[in-house]
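Trainee:
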Amino acid sequence: MSRKIKVFVVEDDDWFGRLINHSISLNPNCEAHRFGSAQELYSQLKEETPDIITLDYRLPDAKGAEVLEKVKGQYPETEVIIISEQQDIATAMELLHNGAYDYIVKDDNLKDRLLLNLNRLEKQLSLQNRIKDLEQELSTKKEHNFVGESDALKPIKKLVEKAAQSNITVTISGETGTGKEVIAQYIHQHSKVADKPMIAVNMAAIPENLLESELFGYEKGAFTGADKAKPGKFEEANGGTLFLDEVAELPLHLQSKLLRVLQERKLTRLGSNKEISFDCRIITATHKDLQKEVQEKRFREDLFFRLFGIQINLPPLRDRGEDIILLSEFFVLKASKQNGLPAKPLAREAKKKLKSYQWPGNIRELKAVMELALVLSNGEEIEAEDISLQNADLLQTQLQKEKSMRQYEIEIVQHYMKKYDDNTKKVAEVLSIGQTTVYRLLKEAEEKVA
Ligand SMILES: Nc1ncnc2c1ncn2[C@@H]1O[C@H](COP(=O)(O)OP(=O)(O)OP(=O)(O)O)[C@@H](O)[C@H]1O
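Numbers given in this note's numbering equal positions in the sequence shown, counted from 1, plus 202.
Below is the structure:
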């Protein structure tokens, strides 16, 4: 937590006031301000809201219970610790019931008990603040979902800004799942043509015999089944950005056609002689080493130079230091919103575990792991054991495809059914959903299998 925790000490007895102030000063992240009466407290509360108030139960001008009620009514986020001269279980219970954080008696344990409370509250406040910061971050990043502050990313960010400001061709390389498409989207969204479309085509995902017609379009009757004309991806991206993903997979005969089209800025649809001009920025990506592909004659050298432009080489996640944590928190927060689960911070051991793993599937793998971790975690924080890096089967399916929200819901319910021995009532309670929803999701899961 970057700013200090503000504690208002309301105590009319000078000796106890100094003792409490001193106890608070033992926690370097806290700062104490003394007030001798309820009135003094109220007038300061108009100026600023503290994180914590330690409140003497018997003040000269008010009873602790009244002050507590007033403070909690107006500043519900401020925690109030009652400090009383004597142990009175019934009063303590009532005060705790009315929102007091703790009830401490002025005895030999006062200092230790107070410090314990402060340490606990410090942790709680820092978690709350972290979640608020992340929420803020998420809302500002909604537009492009680009997360990363590491040193390894600094030169990349400069190149990305340059790319966004110009219209030059960009080639993005990096291991699978390092965020090549995310970078392409970022460049497009920050370019002058952001209001025009960005069309993505994955060369590895389209069967070779369909690739040419997908890219360049066709006229009616160009081949069997072409019962109406269709523009290709180049035309669809006109005015905007065309993202050619896995460009190294483009077969050699299409590489020469692509080169011609890029040189002339004109294309002809299959089954037509008419030239169509187009104007779009080209961004390509590959997880392969294009230079090596050229040396081994699998990629045309002239096309390689044509596409050269700005080269962005994304580092693997394992070389991105603190980004692993930033991204983890980002994915947890995102998944919590999507699944209606509470957002949770990462425990220290969980961070250690995340940072010591090699992440062969990079950010895509991290995203899947963190979504699962959120679902599996039961405590206030995501613990190391919630992060399953060994669960290859489950992870593998997560990596293969981005799942639908429905699928996640089903898996969450299935997980808890196993955990609570098929007790639907308990599962419904834990997930704060109706029992009928549990039954419906289980039925859907059965239908999927059948
Ligand atoms: N910087 C980032 N901030 C937030 N999310 C990211 C970031 N980079 C990648 N991701 C997420 O990680 C996943 C993989 O990213 P993306 O598809 O861009 O990777 P890729 O390098 O294009 O993968 P492939 O080589 O398999 O095509 C996506 O879910 C994406 O949203």
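Don't be surprised by glycine CBs; every beta carbon is placed ideally from N, CA and C.
Mind checking who Y305 pairs with in its DSSP beta bridge?
Mentor: The partner list for Y305 (beta bridge, DSSP) reads I284.
Trainee: Is V534 a contact residue of ligand 1, with contact defined as CB to any heavy atom under 7 Å?
Mentor: Not under cutoff, so the answer is no.
Trainee: What do you reckon, are the CB atoms on I403 and G441 nearer than 8 Å?
Mentor: Note on residue identity: the sequence assigns Val, not Ile, to residue 403. No, the Cβ-Cβ distance between V403 and G441 is not below 8 Å.
Trainee: Starting from T470, trace the beta strand (DSSP E) both ways and give me its first and last residue.
Mentor: It spans K468 to T470 - the beta strand (DSSP E) in which T470 sits, taken as one unbroken run.
Trainee: Under 8 Å: do the stretch 379–388 and the stretch 483–494 share three or more Cβ pairs, one atom per stretch?
Mentor: Because the criterion of three Cβ pairs below 8 Å is met, the stretch 379–388 and the stretch 483–494 touch.
Trainee: Relative to the alpha-carbon of M295, which residue among V273, K274, A267 and R315 has its alpha-carbon at the smallest distance?
Mentor: Cα-wise, what sits closest to M295 is A267.
Trainee: Taking L548 and I527 to be in contact with their CB atoms under 8 Å, please state how far apart those CB atoms are, rounded to whole angstroms.
Mentor: The Cβ separation is near 7 Å, so the contact holds.
Trainee: When we look at the beta-carbon of Y641 and count the other beta-carbons within 10 Å, is it buried (16 or more) or exposed?
Mentor: Exposed: under 16 other Cβ atoms inside 10 Å.
Trainee: DSSP puts A402 in a beta bridge; with which residues?
Mentor: Its beta-bridge partners are F445.
Trainee: Looking at C-alpha atoms only, which residue of Q637, S474 and K359 is the closest neighbour of K430?
Mentor: Ranking the options by Cα distance to K430, first place goes to S474.
Trainee: Tell me which same chain residues have a C-beta within less than 7 Å of the C-beta of L361, skipping the five on either side of it?
Mentor: Contacts found: I512 and I514.
Trainee: Taking three-plus beta-carbon pairs below 8 Å as touching, is the stretch 237–252 in contact with the stretch 296–306?
Mentor: Contact fails: fewer than three Cβ-Cβ distances are below 8 Å.
Trainee: Give every residue of the same chain whose Cβ lies closer than 6 Å to the Cβ of Y259, excluding the five residues on either side of it in the sequence, and list them in chain order.
Mentor: Once the five neighbours on either side are set aside, the close Cβ partners of Y259 are G266, I284 and S286.
Trainee: Any chance you could list the beta strand (DSSP E) runs of at least 3 consecutive residues sitting entirely within the stretch 474–512, in chain order?
Mentor: Listed in chain order, the complete beta strand (DSSP E) runs (minimum 3 residues) inside the stretch 474–512 are 477–479 and 483–488.
Trainee: In this structure, does DSSP put P357 in helix, strand or coil?
Mentor: If DSSP states are grouped into helix, strand and coil, P357 belongs with the helices.
Trainee: Would you call the stretch 461–472 and the stretch 416–423 touching, i.e. three or more CB-CB distances under 8 Å?
Mentor: Output reads yes: the stretch 416–423 touches the stretch 461–472.
Trainee: Roughly how many angstroms lie between the CA atoms of A292 and L270, to the nearest whole one?
Mentor: Rounded to the nearest angstrom, the two C-alpha atoms are 16 Å apart.
Trainee: Assuming S530 contacts L576 under a Cβ cut-off of 8 Å, what Cβ separation, rounded to an integer in Å, is found between them?
Mentor: Rounded, the Cβ-Cβ distance is 10 Å, inconsistent with contact.
Trainee: Can you tell me whether DSSP reads H676 as helix, strand or coil?
Mentor: The chain is shown from 203 up to 652; residue 676 falls before or after that span and cannot be answered.
Trainee: Using a Cβ-based criterion (distance less than 7 Å to any ligand heavy atom), does H730 qualify as near ligand 1?
Mentor: Only positions 203 to 652 of the chain appear in this structure, which leaves residue 730 out of reach.
Trainee: How many angstroms separate the CA atom of E448 from the CA atom of E587?
Mentor: One C-alpha to the other measures close to 36 Å.
Trainee: Closest to A354 by CA distance: which of E631, L556, S590 and R520 is it?
Mentor: Closest by alpha carbon: R520.
Trainee: With distances taken from CA atoms, which of H235, T443, S579 and Q391 is nearest T371?
Mentor: Of the candidates H235, T443, S579 and Q391, the one whose C-alpha sits nearest the C-alpha of T371 is T443.
Trainee: Identify the continuous beta strand (DSSP E) that holds S375 and give its terminal residues.
Mentor: Unbroken beta strand (DSSP E) run through S375: V372 to S375.
Trainee: What number of angstroms, rounded off, separates the C-alpha of K272 from the C-alpha of V282?
Mentor: If I take the Cα positions, the gap works out to 11 Å.
Trainee: Look at the alpha carbon of L412 and the alpha carbon of Q493, and state the distance between them as a whole number of angstroms.
Mentor: Taking the straight line from one Cα to the other gives about 27 Å.
Trainee: Our contact map puts I401 next to K435 with C-beta atoms below 8 Å; I'd like the distance itself, whole angstroms only.
Mentor: Yes, they are in contact, since the Cβ atoms of I401 and K435 sit about 5 Å apart, within 8 Å.
Trainee: Output the distance between the C-alpha atoms of Q602 and K490, rounded to the nearest integer angstrom.
Mentor: Note on Q602: pLDDT 49, under 50, position unreliable in the model; no value is reported.
Trainee: With DSSP as the reference, label N229 as helix, strand or coil.
Mentor: DSSP places N229 in coil when its eight states are reduced to three.
Trainee: Between S479, A450, P453 and I255, which has its C-alpha nearest V463's C-alpha?
Mentor: It is S479 whose Cα lies nearest to the Cα of V463.
Trainee: For the beta strand (DSSP E) containing D258, name the first residue and the last one.
Mentor: Where D258 is concerned, the enclosing beta strand (DSSP E) stretches over I254 to D258.
Trainee: Select from C232, T380, A439 and I222 the residue whose C-alpha is nearest the C-alpha of R205.
Mentor: Of the candidates C232, T380, A439 and I222, the one whose C-alpha sits nearest the C-alpha of R205 is C232.
Trainee: Quick check on Y277: does DSSP put it in helix, strand or coil?
Mentor: Y277 falls in the coil class under three-state DSSP.
Trainee: Is V384 near ligand 1 - that is, is its Cβ less than 7 Å away from at least one heavy atom of it?
Mentor: Under cutoff, so the answer is yes.
Trainee: Given a cut-off of 8 Å on the beta-carbon distance, is the pair L316 and I222 in contact?
Mentor: A contact, by the Cβ cut-off of 8 Å.
Trainee: If we ignore side chains and look at the alpha-carbon of each, how far apart do E503 and L454 end up?
Mentor: Cα to Cα, E503 sits roughly 11 Å from L454.
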